[in-house]
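S.K.: In my numbering, the protein residues as written are 9 to 385. Backbone N, C-alpha and C fix where the C-beta goes; we use that ideal spot for every residue, glycine too. Questions regarding the structure given below will be posed in turn.
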Ligand code: OSB
Ligand code: MG
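Structural data, given as structure tokens:
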């Protein structure tokens, strides 16, 4: 493949319902959209879905822009590559910056799929015609507000609802949701908000009585030891999210028995190449996986749907329909969930048209790298 042009658009979209995690609240998001063109005129798309501030991970919108613009895209433009996994191998020397890598990697994958005439899901080895979708709900001002949000998503047909928890917002909201929606698949996500003292661990162990599907990331990123201690005490599986950025982290999780479920986020793990490897390793170890989300716009959501079609993604993924997040998405048609099922596109490439006019209307910054011929002058 010869990539001849690359651009970055910083796009800002309002969320239909503001979202609060244990660390921050958001009512709009700004993600970077990567556009690659090859020498035959094929276009590939990827999304850098970093949070704006360094609370979920160390990256921010600005750091991802810098790393993509200065390091990653020049590599994509100057390397002749046959398969996108070769790019991941080249930029392995760039330490960290997984979100930046993920958007550029996904753009290369979607370009590769289009150029070779297959869907992104098939290029990745996906086998499912549709994927199971769940929803993730933020911390609400009151338990009644939370119950209303859960009801709305249950009515929309989603089979799994994940609740954000934090110290002071855990046992009671979980008890209320379980009392009202006991038959539903409910899980909680703490985004690392708990300390690892004996008291913290004993407190979290109280969640075991609710029959939750999993407790996601109770402790700070890479506190594998605390996670292993809690997992040894409870029946509820612990799922790791922020702790696992790399394949080495996954090996640590397995070796220390720090969890029994893996949330594979394409963004957090630096792209589809690493996500696929993580899927292969986890499945081989009997660890079920699902695809987490970062409130992606349609371009990133399409990549999440594609990876979720791999056989080991047996738990519902955070690939809710676009309408849960955005009044108008940047892809046409938007992602649609029917009774919690999202169809996996079969058309070559990303499988959705990208609405370039809508991107241009919501763009707050733009940059285009010099083309190969301009650079050679
Ligand atoms: O931990 O999964 C998380 C959103 C922002 C930061 C972290 C997380 C999330 C979500 C959103 O839970 C899931 C989604 O995209 O629906
Ligand atoms: Mg999470």
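1. Does the separation of the CB atoms of residue 197 and residue 224 fall below 8 Å?
2. What first and last residue would you give for the beta strand (DSSP E) that runs through residue 296?
3. At 4 residues or longer, and completely inside the stretch 185-233: list those alpha helix (DSSP H) runs for me, N to C.
4. Pick helix, strand or coil for residue 89, following the three-state DSSP scheme.
5. Residues in the same chain with beta-carbon distance under 8 Å from residue 265, minus the five sequence neighbours each way, listed in chain order, please.
6. Do residue 103 and residue 142 have their CB atoms nearer than 8 Å?
7. Taking only the alpha-carbon atoms, compute the straight-line gap between residue 6 and residue 302 and give it to the nearest angstrom.
8. Got a sec? Which residues, its chain only, sit under 7 Å from residue 355 by beta carbon, not counting five neighbours each side?
9. Per DSSP, what kind of secondary structure is residue 365 in: helix, strand or coil?
10. The ligand OSB and residue 127: does any heavy atom of the ligand fall closer than 7 Å to the residue's C-beta?
11. Please say whether residue 52 and residue 97 have beta carbons closer to each other than 8 Å?
12. Determine the closest residue to residue 76 out of 32, 151, 107, 378, with distance taken between C-alpha atoms.
13. Give the straight-line distance between the Cα atoms of residue 184 and residue 190, rounded to the nearest whole angstrom.
14. Under the assumption that residue 326 contacts residue 31 (Cβ atoms under 8 Å), give the Cβ distance between them as a whole number of angstroms.
15. Would you check if the stretch 306-322 and the stretch 149-164 touch, i.e. whether three or more CB-CB distances between them fall below 8 Å?
16. Just checking residue 329 against the ligand OSB - is the residue's beta carbon closer than 7 Å to any of the ligand's heavy atoms?
17. Is residue 324 near residue 366, with beta carbons less than 8 Å apart?
18. Which residues does DSSP list as the beta-bridge partners of residue 39?
19. Assuming contact is defined by CB atoms lying nearer than 8 Å, are residue 269 and residue 296 in contact in what I supplied?
20. Roughly how many angstroms separate the alpha carbons of residue 384 and residue 378, rounded to a whole number?
21. If I measure Cβ to Cβ from residue 286 and keep anything under 8 Å in the same chain, skipping five residues before and after, which residues do I get?
22. Exposed or buried, what is residue 341 when buried is set at 16 or more other beta-carbons lying within 10 Å of its beta-carbon?
23. Do residue 301 and the ligand OSB come close, with the Cβ less than 7 Å from some heavy atom?
24. Nearest-angstrom Cα distance between residue 376 and residue 353?
25. Rounded to a whole number of angstroms, what is the C-alpha to C-alpha distance between residue 405 and residue 110?
26. So is residue 309 buried or exposed if we call it buried at 16+ other beta carbons inside 10 Å?
27. Along the chain, which unbroken stretches of the alpha helix (DSSP H) at least 4 residues long are found entirely within the stretch 112-184?
28. For residue 312, name the three-state secondary structure that DSSP assigns.
29. Is residue 288 close to chain B? Criterion is C-beta to C-beta, closer than 8 Å.
M.R.: According to the structure data:
1. Yes, Cβ-Cβ distance for residue 197 and residue 224 is below 8 Å.
2. Note, residue 296: premise wrong, no beta strand (DSSP E); not H, not E.
3. Unbroken alpha helix (DSSP H) stretches of 4 residues or longer found wholly inside the stretch 185-233: 206-213, given in chain order.
4. Three-state result, residue 89: coil.
5. Result list for residue 265: 236, 239, 240, in chain order.
6. No. Outside cutoff.
7. The structure shown does not extend to residue 6, since the chain spans only 9 to 385, so no value can be given for it.
8. Contacts found: 127.
9. Taken through DSSP and simplified to helix, strand or coil, residue 365 comes out as helix.
10. Within 7 Å of the C-beta of residue 127 there is not a single heavy atom belonging to the ligand OSB.
11. No.
12. Residue 107 is the option with its Cα nearest to residue 76.
13. Rounded to the nearest angstrom, the two C-alpha atoms are 10 Å apart.
14. For a cut-off of 8 Å, the C-beta gap from residue 326 to residue 31 is around 17 Å, too long to register as a contact.
15. Between the stretch 149-164 and the stretch 306-322 there are fewer than three C-beta pairs closer than 8 Å, too few to call the two in contact.
16. Distances between the C-beta of residue 329 and the heavy atoms of the ligand OSB are all 7 Å or more.
17. By the CB criterion at 8 Å, residue 324 and residue 366 fall outside the cutoff.
18. DSSP, once it has assigned bridges, lists 19 as partnering residue 39.
19. Cβ atoms of residue 269 and residue 296: closer than 8 Å.
20. Residue placement at residue 384 is flagged as unreliable, the pLDDT there being 48, under the threshold of 50; the coordinate-derived value follows with that caveat. Taking C-alpha positions only, residue 384 is separated from residue 378 by approximately 10 Å.
21. Only 252, 255, 258, 270, 272, 277, 297 meet the Cβ criterion.
22. With fewer than 16 other beta carbons inside 10 angstroms of its own, residue 341 counts as exposed.
23. True, at least one ligand heavy atom lies under 7 Å from that Cβ.
24. Answer to the nearest angstrom: the Cα atoms are 29 Å apart.
25. Residue 405 is absent from the structure shown; the chain starts at 9 and stops at 385.
26. Buried is the call here.
27. Listed in chain order, the complete alpha helix (DSSP H) runs (minimum 4 residues) inside the stretch 112-184 are 128-132, 151-163.
28. Annotated three-state conformation of residue 312 is helix, per DSSP.
29. Absent here is chain B; the protein component of the structure consists of one chain.
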